[in-house]
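Written out below as structure tokens is the structure these notes cover.
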Amino acid sequence: MVTELNTNAPAGVAAKRGPGRPRKTLPPPPDPSPPPGISDPKTINPPPGVVDPDTWDVKGCVVTVDLGNGTTSAAYKNAQGQIVAIPDKDGQLCTATAVGFEQGDPAKPVFGRAAMSMRRVHPEWVCTFAKRARGKGDVPAIVDKDGRVWTTREMEALFLASRLNHAQEFTGERIAGVLITVPANFDDAQRRASLAVVEQAGYTCIGTINEPTAALLRYAQGKNGTFLVADVGKGTSDISIIAADGNTFTIRAAAGRSDLGGAEFQACILQHLMDYAAGNGVVLDPAQDHRSLILMEYEAENAACDLSSVQEVAIAFQAQGRLFDVSLTRATFEALVSDLCQHIRDLVTEAMASANLTPEEIDGVVTVGGASRTPCIRAVLESLFGAYKILTDIDLDKAVSLGAVEAIGLKLNELTAGGNMALLNRLHEYDLRSNVKVNDVCSWPIGVRAQDCRTGRDTFVVMIAKNTPLPATCRQVFGLIGGDVGTGDTPIIVLQGDPEEPPDKARVLARFQLSDLPPGPTRERIEVEFAMDCSGLANVHAKDLFSGREIAEQVDARDAVQKQHVA
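For the sequence shown, the positions run 484 to 1050 when the working numbering is used.
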């Protein structure tokens, strides 16, 4: 028996389950309000020196950016067709991804190494690890001297603007577009937030490309085989299995975590130091000893880096006025991080299982990301595939930004194929050429929230499953509970996450409504279509098959939607 909704409440949507099977309804969503005290980033003026691209009368170049948690690198293709890494203003090819305000004054921003140095003295005025906050809305980063709250998105855009402004000076050309790299495991919200940070920095973003894919483009173009790419950076771990056939790259499977990287390995050393101090009568309180812990973080980071090449390091640190000296061996370090190495191993086996491959079917293993230098991570890969399959002739730090240059023409062709011709007159012909083809997969399951009328429980109805080849489209017809009572609004709640978990744990990508539906039949009433493009961005279309009422929405990074069409 169909449960009727209160006529004063919006009508729900029930999924078509077939005869005798439970029916599901989509509950009306709450109306979320923005967090208090956070300024609207859209009100920020573009950084000084950024030229409005609409006024350009000369051709420009496209720059690729690997905007990481730890470091940032950039590259482009010059007029001779050479792929060139772009240094920062200090001459460094990899810039520390840090931005702060000297004396808390936004008029005195500092970047890169200078910001990391300032963090030792004034950590409260320096923002790091902003990448981990992408897609999570307005996350507070720092409070300036005037009490103004700056979000991670604002600080990341400020940093990127500085890096790209200098890139413009280095190339001697206007930057007509930016291709930003992202972890393969990034969901829709995180990808859109990545696009948004480029736009907020004052530049045109031509799209995203997965970091493991970009790295393999650098290594395997023109080669054949199936490769596993292990990208372990400062804040993320990404495993992708990619088949290379000349200039065609097909992603077979991907697995990753946005909370597992070099920082977690360094945190184990930091905890080891804290335990040592506690064993000697000094118990550190994060609230009271924040400055000391920041300085100890630097020592832990240096120790982790040194242990990649030596068997033992000496660490000196101060805590509550006392000086401590600790000796840390590689064996002790590897015991401290054994659980983290197991997590890396689990990601590899997950990707292998998704691709339905055995280790013998992997032709080579490509490692990228600074944390992949950690010997125990390499040992995990060697134990699975053999040492002879670990490929070493690749730049761990810059492979992603350099490899992404190979995909510029591909991304531009995708834009023009979609009808976006605005960039054509602003670009050099050599940037428009593309010799590669990439066949990607869906990184996370995406679907709708529904309620089982028989059990009353909410469920996650998957529309596009994880590792589905892209582009992908899926349609499903739902029933309408209460549709014969009166006109109402049908809520559509778009989810992305693990369908095995309760839907409350999934990320809500969008909430929107198909409004003013007339009374009518309840079964096979609402058709929902999901379409995901090659960049992993999703569009949702809902139609009332009885009245013809429809709405098309594009999922926004901040749990909102941009209305495209209502009929």
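Beta carbons are placed, not taken as given, at the ideal position from N, Cα and C, and that holds for glycine.
Through-space distance from residue j to residue i, alpha-carbon basis
i        : j        : result
Gly-583  : Val-604  : 12 Å
Glu-656  : Ala-644  : 15 Å
Leu-806  : Met-835  : 48 Å
Val-831  : His-649  : 38 Å
Val-991  : Ile-976  : 7 Å
Met-757  : Val-766  : 7 Å
Ile-1034 : Val-1023 : 8 Å
Leu-953  : Thr-733  : 10 Å
Glu-795  : Glu-865  : 22 Å
Asp-621  : Arg-675  : 14 Å
Gly-1031 : Pro-1002 : 13 Å
Asp-941  : Arg-615  : 29 Å
Thr-956  : Leu-1020 : 12 Å
Cys-788  : Leu-963  : 58 Å
Lys-600  : Ile-625  : Reading off the sequence shown, one finds Ser at residue 600, where the question assumed Lys. One C-alpha to the other measures close to 17 Å.
Gln-586  : Thr-611  : 17 Å
Asp-878  : Gln-934  : 50 Å
Asp-699  : Leu-906  : Strictly speaking, residue 699 in this sequence is Leu, with Asp absent from that position. Approximately 27 Å between the Cα atoms of the pair.
Ala-1093 : Ser-926  : A query on residue 1093 cannot be resolved here, the shown segment of the chain reaching from 484 to 1050 and no further.
Asn-908  : Gly-543  : 9 Å
Ala-727  : Thr-841  : 17 Å
Lys-920  : Thr-899  : 15 Å
Ala-736  : Ile-725  : 7 Å
Glu-1036 : Glu-682  : 21 Å
Val-945  : Pro-986  : 11 Å
Leu-1000 : Val-1011 : 15 Å
Leu-819  : Met-779  : 17 Å
Asp-768  : Glu-984  : 35 Å
His-911  : Asp-1016 : 26 Å
Gly-708  : Val-848  : 11 Å
Residues bridged to residue i [DSSP beta-bridge criterion]
i        : result
Trp-927  : None; Trp-927 has no bridge partner.
Arg-940  : BP columns for Arg-940 are empty, so no partner.
Gly-1024 : Reading the sequence as shown, one finds His at residue 1024 and not Gly. Looking at the DSSP assignment, His-1024 forms a beta bridge with Glu-1012, Ala-1035.
Lys-920  : Thr-731
Asp-721  : Asp-714, Gly-739
Pro-549  : Here the sequence assigns Asp to residue 549, which means Pro is not the residue at that position. According to DSSP, Asp-549 bridges with Ser-556.
Glu-795  : Thr-812
Leu-647  : DSSP, once it has assigned bridges, lists no residue as partnering Leu-647.
Asp-846  : Partner(s): none; Asp-846 has no beta bridge.
Ala-579  : Thr-554
Closest residue to residue i among the options (Cα-Cα distance)
i       : options                              : result
Gln-979 : Asp-670, Val-715, Lys-619            : Asp-670
Leu-576 : Ala-814, Ala-882, Pro-986            : Ala-882
Gln-704 : Asn-730, Ala-726, Val-681, Tyr-759   : Asn-730
Ile-450 : Gly-930, Glu-1033, Arg-701           : Nothing in the structure corresponds to residue 450, since the chain is present only between 484 and 1050.
Ile-827 : Leu-867, Ala-799, Asn-839, Ser-810   : Leu-867
Gly-764 : Ala-770, Gly-804, His-773, Ala-750   : Gly-804
Asp-808 : Ala-818, Thr-815, Glu-817, Ala-797   : Ala-797
Leu-711 : Lys-591, Arg-813, Ala-838, Asp-822   : Ala-838
Asp-972 : Glu-1012, Pro-592, Asp-629, Ala-1025 : Ala-1025
Lys-572 : Gly-630, Arg-631, Thr-654            : Thr-654
Pro-606 : Ser-775, Ala-562, Asn-552            : Ser-775
Asn-922 : Arg-631, Asp-829, Asn-950            : Asn-950
Gln-563 : Asn-918, Lys-988, Thr-938, Tyr-913   : Tyr-913
Asp-829 : Ile-569, Val-1011, Ser-723           : Ser-723
Ala-640 : Gln-754, Leu-678, Asp-629, Gly-630   : Leu-678
Ile-569 : Pro-592, Gly-869, Leu-819, Ile-658   : Ile-658
Ala-672 : Asp-1016, Pro-1004, Ala-993          : Ala-993
Expected contact under 8 Å - CB spacing of residue i and residue j to nearest Å
i        : j        : result
Gly-716  : Gly-595  : Between Gly-595 and Gly-716 the Cβ distance is about 17 Å, and since that is not below 8 Å, they are no contact.
Leu-647  : Val-545  : Not quite, the Cβ-Cβ distance comes to about 11 Å (not below 8 Å), so this is no contact.
Leu-1028 : Arg-1008 : 6 Å
Lys-894  : Gly-690  : 4 Å
Gln-996  : Pro-974  : 5 Å
Leu-662  : Ile-891  : 6 Å
Residues of its chain near residue i, where Cβ-Cβ distance is below 8 Å and the 5 sequence neighbours each way are ignored
i       : result
Thr-554 : Cys-577, Thr-578, Ala-579, Thr-580, Lys-717, Gly-853, Asp-880
Asp-772 : Ala-802, Gln-803
Residues near residue i in its chain [Cβ-Cβ closer than 7 Å; skip 5 each side]
i       : result
Ser-791 : Arg-856, Thr-857, Pro-858
Glu-817 : Cys-859
Phe-642 : Thr-580, Val-582, Phe-594
Cut-off 6 Å between Cβ atoms - residues of its own chain near residue i, not counting five sequence neighbours on either side
i       : result
Ala-697 : Thr-664, Val-883, Gly-886, Ala-887
Ala-597 : none
Asn-489 : Only weak support exists for where Asn-489 lies, its pLDDT of 29 falling under 50; the value from the coordinates is given anyway. Taken in chain order, the list of residues that qualify is empty.
Glu-782 : Ile-798, Phe-800
Asp-714 : Glu-694, Pro-695, Asp-721, Val-851, Gly-852
Thr-719 : Pro-666, Ser-741, Gly-744
Thr-635 : Ala-613, Ala-616, Val-622, Ala-624
Ala-948 : Pro-928
Glu-833 : Ala-738
Pro-517 : With a pLDDT of only 33 at Pro-517, under 50, the local geometry of the prediction cannot be trusted, and the value read off the model is given with reservation. Contacts found: none.
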